[in-house]
Amino acid sequence: MATVKVCNLTKKFGNKIAVDHLSFKVSDGEFFCILGPPGAGKTTILRMIAGLEKPDEGEIYIDEQLVNDVLPADRDIAMTFQSLALYPQWTVYDNIAFPLRLRKYPADEIDKKVKEVASLLKITHLLNRTPVLASGGEKQRIAVARALVRSPKVLLLDEPLSNIDALLRLEMRGELKRLQTELKQTIIYATPDQLEAMSMADRIAVMNAGKLQQIGTPDEVYNKPANKFVASYIGSPTINFIDCTLTEKNGHIILDAGEFTLDLTNFESVLGKELYGQEMLMGIRPENVQVSKERAKNAIEGKVVLVEPLGRMTVTHIVINNILLQAICPEDFRAEYGSKVWVKFDMSRLHLFDKNTEKAII
Amino acid sequence: MQNKPVSWYKRPEKFALLLIIPLQIIMNLVGLFPLIAEIYVSFTDWSPTSGEWYLARFIGLENYYRVFFRDRLFWEAIGRTLFLTVICVFTEFLLGLGLALLFTDNFFGKRFFTSAILLPMMVVPAATGYMFFMMFQKDGPVNAILSLITGQSIKVDWFVHGDTAMFTIYLADVWQWTPFMFLLMLSGLLALPQDPINAAKVLGASRLQVFRHVILPMMKPLIAIALLLRGIEAFKMFDAAYIMTHGGPGTATQTVSMYMLEIGFRAWRLGYVAAEALLIVLAMLLFAWFIVRPIFLKR
Amino acid sequence: MELSKGEKLELEELTKYFGNFCAVDHLTLTVQPGEFLCLLGPSGCGKTTTLNMIAGLLEPTYGRILIGGRDVTYLPPKERKVGLVFQSYAVFTHMTVYENLAFGLKIRKLTKEEIDKKVKQVAHILQLEDVLHVKGGNLNLDQTQRTALGRALIIEPAFFLLDEPLSNLDPALRAVMRVKLKQLQKELSQTVVYVTHDQLEAMSMADRIAVMNAGKLQQIGTPDEVYNKPANKFVANFIGSPTMNFIDCSLAEKNGHIILDAGDFTLDVTRFGEILKKETCGPEVIMGIRPEHIQVSREPVKNAIKGKVALVEPLGTETILTMRVGGKEIKTLLLGTYRASIGEELYLIPNMDRLHIIDKKTEKVVV
Amino acid sequence: MDLRTQKKIVTVLRYAILIPVTVILLFPIYWMFTTSLKPPEEWTPTPTNPRIIPTRITLDNYVFLFAPFGVMETFAQFRETIHMPLANSLILSGSATVLALIIGTCAAYAMSRYKAGGEFAPFQLLMFRMFPPIAIIVPIMILYSALKWLDTAHGMIVFYTVVNMPFVIWLMKSFFDDIPKDIDEAAMLDGCSPPQVFFKVILPLVKPGIAVTFLFIFIMCWSDFLGALVLTYRYWFTLPIALSKYQGLFGYLYGPMAATGVIAAVPCMVIGIIIQKYLVRGFTFGAVKR
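Have a look at this one:
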């Protein structure tokens, strides 16, 4: 078990900056997720920690030791690849035993360890087969078993669930999390899937275009997104954004979206005078939009364009002139295409972003 | 962990170097050094019968001057080779593509027909030469079969006339290399994405329209590579043709390779041939760099 | 130009064998003009084969296909006028958007002016005017998709066949395109057969859903019907995410009450007595309940099932709790963020109105 | 037109084209094979009988080539055995192929994984293969006459190794490129040093590729004509040269000549059919895979 620390890590490929002055620290036994869309630099970070890629700048510490110049074989790190990279010419047993054999473990100890990890991952029945014929989920387990067998200091997982179908993914998600809790293994997990990150991670680092956007617990990144990117990337259905400006009228702070206005006087403490007249982006999650078929006080009129009955809830798409909103309604909510509805926002869950810097204000 | 000494050959860069050094040695020994010698020799009148190459008389640019202004046979051979190359490759391409189109879906005997069509390209070219030499003899099977079909006694002496001799060379090349084009075109056709083809069908296109508007444009890059590779190979044309005609009658079927063999290794004017070889290498280098490389690297 | 309205599509006993393998098995269904029908099923269930037969790319082994009442079973694709959009979009990469759109018309030998007029009109509807002269290979996903749609729309098809058209898009764009596609279909009142393996997509867009598995039609109905009244275990399992909890149980009668015995807990299902008696073949049944239909309480409640928290997955909008009850695992889905620690004891309250009982032998949903 | 009628027409057309084409393509090979089995009186067709099907089959033509007595005594003064060229072909092709494969495989791995030799190294090799062989032989002739390597085994082996090196590199590189780099990296993280990655993990994985390359290079060496024509004269000439030499000596003895042709052609045809799937890859330097 170990800690990992990276400072000012930077990597360029030609002119493209893949990772830009990144710093973070993963503590012992933590499940740390790196979340971001394709091209955010997630894989590059893992590869640099593993030693497969040389950083252009910055330092990597494993257990407080600088490892920039240590060969990958000597870092005592395990990694699973997106392509899994199992050795197709060997049996599953030999695949898992390979790292131990290279380290010259005695045969009986290898045997014991391989069987132990195989039963932990429920692949004992596969040991004498080649991995080529295994199913997607099984291959995934074999790759994890091979990584875990020598109890590495840090386990790096690169989008391990991206190649398996949705149902199995849900199951594997739970299993991986349970495994980690049991073994107290330090894990750095890269994924583009916010649901995976939210459900498994102790902390999430949200990345975009090589830059760190926010680090925090799942609760923090969901409820207190640091900027527009984080707010839009996390949560499904995605958060609604509405262009608006901040103004003052008769001592009230008013958010003007053109089609409607909201009174933000309650947020006086964070909304300094210098923000008045500025262009803003209001963010509200679909579950914080209440929809009613009856006209109500302070409610905004809109038109239904699509009702998505998802079973456990209904996602309703509403237009207010040219603003498109998604709202989560109770599961039995139904409305005709084009019918009128009235919308209210949960003001305590409102987010406000500066339109230029995209940083969160509220 | 970090201060453990690492054996030098385990460093990736060093290991890579170790792997590639044998190649460098052998390619430079047999490639680079002789090239330098050749450049020198091309400025002399060296002939192995007259002594060692470094003792030969230095004659400056005379060899090059002769190539350009005094050697009609050389340029005729070039023209002839280019002509053969163009018509052979063109025929092979049309036949190969046509045949490949018949193999895009499954039918009874597909494996047999594929293997049968591929067989000619696996015959050693020298053997092909002898095969066609036998077939086109005056008393050979081709004349016999033609007689049988036409009912008249046909006794064409194929190798005695320049035109008919050229024709047999053309036939031999087409026979041997159409299978290669077929194989290339077939692998191209099989690798095509099926969706655009089906899309065109559903939009109402007939088979011919699908071929013209969808398949052909999608095959373009592969066709370019196929024509290039085959063209380069055809320009080297030697083995079969040499066995069939030895360049004759006279010089009527002499290709560039045959001509250079004649001058260099029968008349032993190696200094002069060195100059010719260098010119061809130079032409090929330019061709490779500006035409082949862009097409090849696109893949 | 008045764009044509959609026509009716009927499949009668449509069957396709590949060798001995039956890909589509006696499929009969009718798509009404202007209807949005989803063909939903896992990969390999025969939906793509069905689609290829409708488009005329595959010959059926048996059965009939009727478009607007006309038998087209063995007609070549040209004479069917089907608007097919592929999963890969299959836009001709070597042609510009304009040429792509014009392709179907050029084939039909329309004059240059007619083609130009129609292309401009369709380009306007699909907002492709700006990219008309861009090569198909240089478009972004969204434009590619619209080009594929336009190319199909321009030949005034009898109906549309869409083969997983959204599966290549990222989730955010997918949500937007779902809305746009549905809007377009409503405005042009086109008949659409939409093939997908994504139950969420089917639920959100379809007027009716036809669920297929292993070449056979499992159920056809509105999204509400397939969600609330699944016909069999396959449909119950395939629709809804996270999937329905299935627990092996046996039925027993005690003191006039019918008891559903799962070993670790029992439920009183006397209220379903009549149906149960009539429809089940034996006491062996499977209890099915969706995670969203189980409430959780920290205090003991009557009829509640005691369990231990095995896993908490906070997803932001909702939280999935995996509970361990004896040797079984039951998933529950709670709206919002629910905090619980692993090992904590909680009480599960199933919503008895939403409980399903499935016969173990036939896998039919009884309740 | 009905889908089913269309299908029938296509089927009929397909066979109407394929059958004659196949017959024409196979005829020269058929003729050589049958001639090698015909007695002298059937070697040439007559105006009335094209002699497409031999009436009597004999192995005399082969015996004539291998054993210098007993058969076809009328032609005794032309007799040349083919023991030597056959052995030469086997020795030279075999050794050159092994040597080229050892050097080329290592270098191809270095190029595939480490971009060793720079980005253009593989392409330079390809260009080398583009020149007409005669242009390459001239400088080699200069070198060999200086080294006294003409008409020697080692000279020919080195020559074949060098001229076929581009094929080895491009083919093997394409096989290495087919293996995801992730496998190398996984092995490194599992604790392999770079040499261990190559020898323990990757090399066993490309075994089929090595086999294909071996066979392909073998037929390339075996088929060579021009190289042996210029660089050998007395001791180390190969089968194709024998074919040409004997053509001058007993060119119109079609039977024995056809037998020589068969002996030269058969190994390549057998190997060619075995590696059919990979021929495209070989001839296009790995650019077109199938």
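Residue numbers (my numbering), protein chains in the order written: chain A, 1 to 362; chain B, 363 to 661; chain C, 662 to 1028; chain D, 1029 to 1318. For glycine and all other residues, C-beta sits at the position ideal for the given N, C-alpha and C. These numbers come from a predicted model, not from an experiment.
How do the region 335-354 of chain A and the region 919-930 of chain C stand: do at least 3 beta-carbon pairs fall below 8 Å, yes or no? Of all C-beta pairs linking the region 335-354 of chain A to the region 919-930 of chain C, fewer than three are shorter than 8 Å, placing the two stretches out of contact.
L995/D touches chain C at which residues, Cβ-Cβ below 7 Å? One cannot answer for residue 995/D here, as it falls past the ends of chain D, which runs 1029 to 1318.
Taking the alpha carbon of N1116/D as the reference point, which residue from K1143/D, F1103/D, D1088/D, D1252/D has its own alpha carbon closest? Along the fourth sequence, one-based indexing puts residue 1116/D at 88. Of the listed residues, the one whose Cα sits closest to N1116/D is D1252/D.
Buried versus exposed, by CB contacts within 10 Å (16 or more), D76/A: For the purposes of this step, residue 76/A is taken as the residue at position 76 of the first sequence. Result: buried.
State the DSSP-derived secondary structure class of E424/B, mapped to helix, strand or coil. Translated into positions along the second sequence, residue 424/B becomes position 62. Reduced to three states, the DSSP call for E424/B is helix.
In this structure, how does DSSP classify I1302/D when only helix, strand and coil are distinguished? Your numbering for residue 1302/D matches position 274 in the fourth sequence. In the three-state reduction of the DSSP assignment, I1302/D falls in the helix class, which pools H, G and I.
Residues in the region 535-557 of chain B with C-beta within 9 Å of chain D's C-beta atoms, listed in sequence order? So the list reads W537, T540, P541, F542, L545, L546, L548, S549, G550, L552, A553, given in the order they occur along the chain.
How far does the beta strand (DSSP E) with M873/C in it extend, from its first residue to its last? Counting from 1 along the third sequence, the entry for residue 873/C is found at position 212. Run containing M873/C: 869-874, per the beta strand (DSSP E) assignment.
Could you work out which residues of chain C lie near L1031/D, taking near to mean beta carbons separated by less than 8 Å? Sequence index remark: in the fourth sequence, residue 1031/D carries index 3 (1-based). Within chain C, the residues near L1031/D are G717, E720, Y735, L736, P737.
What does F753/C touch in chain B if you count any residue whose Cβ is under 9 Å from its own? Along the third sequence, one-based indexing puts residue 753/C at 92. Residues of chain B whose Cβ lies closer than 9 Å to the Cβ of F753/C are, in chain order, P558, A561, A562, H575, V576, P579, M580.
If you measure between the beta carbons of F542/B and R592/B, is that distance less than 8 Å? Position 180 of the second sequence holds residue 542/B. Position 230 of the second sequence holds residue 592/B. Cβ distance < 8 Å, so F542/B and R592/B count as in contact.
Can you tell me whether A1163/D is buried or exposed, with buried defined as 16 or more other CB within 10 angstroms of its CB? Here residue 1163/D refers to the residue found at position 135 of the fourth sequence. Looking at its Cβ environment, which holds 16 or more other Cβ atoms inside 10 Å, A1163/D is buried.
Measure the beta-carbon distance from Q213/A to A226/A and round it to whole angstroms, keeping in mind my assumption that it falls under 8 Å. As a position in the first sequence, residue 213/A is number 213, starting the count at 1. As a position in the first sequence, residue 226/A is number 226, starting the count at 1. Correct: roughly 6 Å between the Cβ atoms.
Kindly indicate the opening and closing residues of the alpha helix (DSSP H) around W342/A. As a working mapping, residue 342/A is identified with position 342 in the first sequence. Where W342/A is concerned, there is no enclosing alpha helix (DSSP H), although the beta strand (DSSP E) it sits in stretches over 340-345.
Nearest neighbour of Y532/B, chosen from L510/B, M606/B, A562/B, L578/B [CA to CA]: On the second sequence, position 170 is the one that residue 532/B refers to. It is M606/B.
For P1208/D and I1131/D, what's the separation of their Cα atoms in angstroms? Position 180 of the fourth sequence, counted from the start, is the residue given in the question as residue 1208/D. Position 103 of the fourth sequence, counted from the start, is the residue given in the question as residue 1131/D. Using only the alpha carbons, I get a separation of about 22 Å.
Going by DSSP in three states, E248/A sits in which element: helix, strand or coil? Taking the first residue of the first sequence as position 1, residue 248/A is located at position 248. The three-state reading of DSSP puts E248/A in strand, counting E and B together.
DSSP three-state assignment for L701/B, whether helix, strand or coil: Not covered by the structure: residue 701/B. The range shown for chain B is 363 to 661.
With a threshold of 8 Å between beta-carbons, can I768/C be considered close to chain B, or not? Numbered from its first residue, the third sequence carries residue 768/C at position 107. It does; some Cβ of chain B falls within 8 Å.
Short Cβ contact (8 Å threshold) for A1029/C with K742/C: Past the edges of chain C, shown from 662 to 1028, lies residue 1029/C, and the structure says nothing about it.
With burial defined as no fewer than 16 other Cβ atoms inside 10 Å of the residue's Cβ, what is the status of Y604/B: buried or exposed? Within the second sequence, the letter at position 242 stands for residue 604/B. Classification for Y604/B: buried.
To be precise: take each residue of the region 133-149 of chain A, compare its Cβ to all Cβ atoms of chain C, and keep it if any distance is under 9 Å. Which residues remain? Listed by position along the chain: nothing, the set is empty.
State yes or no: is the C-beta of I1081/D within less than 8 Å of the C-beta of A1135/D? If you number the fourth sequence from 1, residue 1081/D lands on position 53. If you number the fourth sequence from 1, residue 1135/D lands on position 107. In this structure, I1081/D keeps its C-beta atom at 8 Å or more from the C-beta atom of A1135/D.
Run through the region 676-737 of chain C for me and flag every whole alpha helix (DSSP H) of 4 or more residues, listed as ranges in chain order. If only complete runs of 4 or more residues are kept, the region 676-737 of chain C shows the alpha helix (DSSP H) at 708-716, in order along the chain.
Coarse secondary structure for I1045/D, derived from DSSP in three states: Indexing the fourth sequence from 1 puts residue 1045/D at position 17. Three-state result, I1045/D: helix.
Own chain partners of G695/C with C-beta closer than 8 Å, once the 5 adjacent residues on each side are dropped: Mapped onto the third sequence, residue 695/C falls at position 34. These residues qualify, in order along the chain: K666, G667, S850, Q851, T852.
Proximity to I1238/D [Cα-Cα], best of M1216/D, V1290/D, Y1306/D, A1293/D: The residue given as residue 1238/D occupies position 210 in the fourth sequence. With distances taken between Cα atoms, I1238/D lies closest to Y1306/D.
Mind checking who Y189/A pairs with in its DSSP beta bridge? By 1-based counting over the first sequence, the position of residue 189/A is 189. Looking at the DSSP assignment, Y189/A forms a beta bridge with C33/A, L157/A.
Burial state of H351/A, where buried means 16 or more other Cβ atoms lie within 10 Å: As a first step, residue 351/A is located in the first sequence; it is residue number 351 there, counting from the start. Flag for H351/A reads buried.
Flag L565/B as yes if its beta-carbon sits less than 8 Å from any beta-carbon of chain C, otherwise no. Position 203 of the second sequence holds residue 565/B. At least one chain C Cβ lies under 8 Å of L565/B.
Environment of M347/A [buried if 16+ CB atoms lie within 10 Å]: Working through the first sequence from its first residue, we reach residue 347/A at position 347. Exposed: under 16 other Cβ atoms inside 10 Å.
Can you give the beta carbon distance from L35/A to Q194/A, rounded, assuming they're within the 8 Å contact cut? Here residue 35/A refers to the residue found at position 35 when the first sequence is read from its first residue. Here residue 194/A refers to the residue found at position 194 when the first sequence is read from its first residue. With 8 Å as the limit, L35/A and Q194/A qualify as a contact, their Cβ atoms being about 6 Å apart.
Per DSSP, V206/A is paired with what? Residue 206/A sits at position 206 when you count from the first residue of the first sequence. V206/A is bridged to L35/A, Q214/A.
Look up D777/C in the DSSP assignment and give the residues it is bridged to. Numbered from 1 along the third sequence, position 116 holds the residue referred to as residue 777/C. Note: D777/C sits in no beta bridge, so no partner.
For C942/C, does the count of other Cβ atoms within 10 angstroms reach 16, so buried, or fall short, so exposed? Residue mapping note: residue 942/C aligns to position 281 of the third sequence, counting from 1. So C942/C ends up on the exposed side.
Residues of chain D with CB closer than 9 Å to the CB of I363/A, please, in chain order. What is shown of chain A runs 1 to 362, which leaves residue 363/A out entirely.
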